[in-house]
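Residue numbers (the numbering used here), protein chains in the order written: chain A, 1 to 111; chain B, 1001 to 1115.
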């Protein structure tokens, strides 16, 4: 079963706009990670935020984590056509090293 | 390229046949994971190894599935008596034990089609 639920399921924006994707999860996590997947390809790790962190930045990416609401958001600023992909959140719990993924948000950035 | 590699990239087989996939992790990574992804879904965990020890298996991993990592380097995932429901992308990932978190690096996947 999947831990996370991304919202929205699909998002279409124009190049240069910001894109915000949300993730809600069910149980406590050690950390939360965001991944990108281009169509039919493997996943690329974007950013990891630990359960004791509230916000993290990496380039045009900004991730927030609210453990009280069991939610996270990924903001991509100044989007580019190359950002078109599916974005997944994934969490690890307790002593397990496995990642539990959501269903993903499909982002389309129109040139 | 020193990333995770998987072989083959595509496999088409007939129902009832056995298939085996290989994963070569990033060389210094001691953890190796297998996931399965179907269309429109996120990856689902199958199993993982730390060095050569298989430490966790999902209940998704039926008795037709077996994974090995004999020397703590590459890993194989075998599916016996394939069924059409096994059609999916099989993803391998690796990571290095650190105190900083469990960032997993994924390979390109093996897409299995069972006819």
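For each residue, glycine too, the CB sits at the ideal point set by N, CA and C.
field: Chain-ordered chain B contacts of residue 45 of chain A [CB-CB under 8 angstroms]
entry: 1103, 1104, 1105, 1106
- prompt: Using 8 angstroms as the threshold, is the stretch 95–103 of chain A in touch with the stretch 48–67 of chain A, meaning 3 or more CB pairs across them?
  reply: no
- prompt: Around the C-beta of residue 1093 of chain B, are 16 or more other C-beta atoms found within 10 angstroms, so that it is buried, or is it exposed?
  reply: buried
Contacts around residue 8 of chain A, its chain only, beta-carbon distance under 7 angstroms, and the 5 residues preceding and following it disregarded: 105
- prompt: Does DSSP classify residue 78 of chain A as helix, strand or coil?
  reply: coil
message: For a contact defined as C-beta to C-beta under 8 angstroms, what are the partners of residue 1045 of chain B on chain A?
response: 98, 99, 100
- prompt: Just by C-beta distance, which residues in the stretch 39–66 of chain A are closer than 7 angstroms to chain B?
  reply: 41, 42, 43, 45, 48, 50
- prompt: If you measure from the beta carbon of residue 1083 of chain B to each beta carbon in chain A, is any gap under 8 angstroms?
  reply: no
message: Can you tell me whether residue 1063 of chain B is helix, strand or coil according to DSSP?
response: coil
- prompt: Can you give the Cα-Cα distance for residue 1081 of chain B and residue 1088 of chain B, rounded to whole angstroms?
  reply: 15 angstroms
task: Scan the stretch 1050–1071 of chain B for residues whose Cβ lies nearer than 9 angstroms to a Cβ of chain A and list them as they occur along the chain.
output: 1050, 1055, 1056, 1058
task: Determine the extent of the beta strand (DSSP E) in which residue 55 of chain A is found, giving its start and end residues.
output: 55–58
message: So for residue 91 of chain A, helix, strand or coil by DSSP?
response: strand
Chain-ordered chain A contacts of residue 1031 of chain B [CB-CB under 8 angstroms]: 97
query: Is the CB of residue 70 of chain A under 8 angstroms away from at least one CB in chain B?
result: no
field: Alpha-carbon to alpha-carbon, residue 28 of chain A and residue 95 of chain A
entry: 12 angstroms
- request: Give me whichever residues DSSP pairs with residue 1007 of chain B in a beta bridge.
  value: B:1022
task: Taking residue 1041 of chain B as part of the beta strand (DSSP E), name the residues at either end of that continuous run.
output: Here residue 1041 of chain B belongs to no beta strand (DSSP E), and DSSP marks it neither H nor E.
Proximal chain A residues relative to residue 1042 of chain B, where beta-carbon distance stays under 8 angstroms: 2, 4, 88, 90, 101, 102, 103, 104
- prompt: Would a check of beta-carbon distances place residue 33 of chain A closer than 8 angstroms to chain B?
  reply: yes
message: I'd like to know if residue 1016 of chain B contacts chain A, where contact means its C-beta is closer than 8 angstroms to some C-beta of that chain.
response: no
query: What is the DSSP secondary structure of residue 1084 of chain B, reduced to helix, strand or coil?
result: helix
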